[in-house]
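Peer 1: Using this note's numbering, read the sequence shown as starting at 16 and increasing by one per residue. Just so you know, even glycine gets a beta-carbon here, dropped at the ideal spot from N, CA and C.
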Amino acid sequence: MKWTGRLGAAWGAAGVTGVLVFAIVRIGPKALAAYAAGLDSTQWIVAVAFAVFMAYSEGYRGFQLRFSPRTAARVRYLRDRPNFLRSLLAPLFAMGFFHANRRTRTVAYGFSLGIAALILLVRLLEQPWRGIVSMGVVLGLTWGIVSLAASIVTALTRDEYPVSPEVG
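Printed below as a string of structure tokens:
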């Protein structure tokens with residue numbers, strides 16, 4: 016295994032994780048502001064229901080079952096088949112923005128555009144609703160970071176990793 020492969024894999028894993036951490040750092044204070052101001056009983060019910068929804072849909076279904084295993088497989092692919100461009104742009108490669116099959120690229124670009132649109136829409140909400148949505152997103156992203164780390168460790172330490180990197 017070449018050192019360039021290990022370096023590319025490390026950069027890919029760190030870059031993707033960094034994007035998720037950055038999002039939590041940016042969104043977290045807005046979420047905490049809503050809870051610090053206090054919520055009435057209806058708002059608490061909505062907050063708990065939305066948190067459960069986001070944990071399941073974003074954290075479990077989105078990250079744990081789809082994004083994290085595929086990203087880990089692509090990090091493993093970087094390690095095993097390094098080249099200059101993939102290593103240089105490792106986080107983008109790991110997320111599926113290039114050198115991916117059509118479906119993976121479409122999902123990567125589609126989700127990026129969708130997330131950007133949702134960010135703009137959430138900015139229109141007043142507190143505490145903005146904070147309630149933000150807390151659900153933070154919960155899903157946190158689940159994502161944990162599942163991504165577990166998937167990457169599994170992908171890089173086992174002889175076989177059964178998930179396709181979906182390269183194209």
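For chain E, is any of its Cβ atoms less than 9 angstroms away from the one on Ala70?
Peer 2: Although the question refers to chain E, the structure presented lacks it and comprises just one protein chain.
Peer 1: I'd like the span of the alpha helix (DSSP H) that includes Lys45, first residue to last.
Peer 2: For the purposes of this step, residue 45 is taken as residue 30 along the sequence shown, with counting starting at 1. Residues 18-52.
Peer 1: Please list, in chain order, all residues of the same chain as Ala62 whose beta carbon is under 7 angstroms from its beta carbon, the five residues on each side excluded.
Peer 2: Counting from one through the sequence shown, the residue named residue 62 turns up at place 47. Contacts found: Leu54, Ile147, Met150.
Peer 1: Just how far apart, CA to CA, sit Arg81 and Leu104?
Peer 2: Your numbering for residue 81 matches position 66 in the sequence shown. Your numbering for residue 104 matches position 89 in the sequence shown. Distance between the alpha carbons of Arg81 and Leu104: 21 angstroms.
Peer 1: For the candidate residues Ala64, Glu141, Gln79, Leu47, whose alpha-carbon lies nearest to that of Ala164?
Peer 2: Against the sequence shown, residue 164 aligns to sequence position 149. The candidate whose alpha carbon is nearest that of Ala164 is Gln79.
Peer 1: Given a cut-off of 9 angstroms on the beta-carbon distance, is the pair Gly20 and Leu93 in contact?
Peer 2: Here residue 20 refers to the residue found at position 5 when the sequence shown is read from its first residue. Here residue 93 refers to the residue found at position 78 when the sequence shown is read from its first residue. Contact: yes.
Peer 1: Trp26 to Ala51, Cα distance in whole Å?
Peer 2: Numbered from its first residue, the sequence shown carries residue 26 at position 11. Numbered from its first residue, the sequence shown carries residue 51 at position 36. So the alpha carbons of these two residues sit roughly 37 angstroms apart.
Peer 1: Output needed for Ala87: all residues of its chain with C-beta closer than 6 angstroms, excluding positions within five of it in sequence on either side, in chain order.
Peer 2: Taking the sequence shown and counting its residues from 1, the one referred to as residue 87 is at position 72. Once the five neighbours on either side are set aside, the close Cβ partners of Ala87 are Ser166, Ile167, Ala170.
Peer 1: According to DSSP, is Leu139 helix, strand or coil?
Peer 2: Against the sequence shown, residue 139 aligns to sequence position 124. Leu139: coil per DSSP, three-state reduction.
Peer 1: Once DSSP output is grouped into helix, strand and coil, what is the label at Leu156?
Peer 2: Position 141 of the sequence shown holds residue 156. Note: Leu156 maps to helix in three-state DSSP.
Peer 1: Along the alpha helix (DSSP H) that carries Arg96, what are the first and last residues, could you check?
Peer 2: For this step, residue 96 is matched to residue 81 along the sequence shown. Counting along the chain, Arg96 falls outside any alpha helix (DSSP H), and DSSP gives it neither H nor E.
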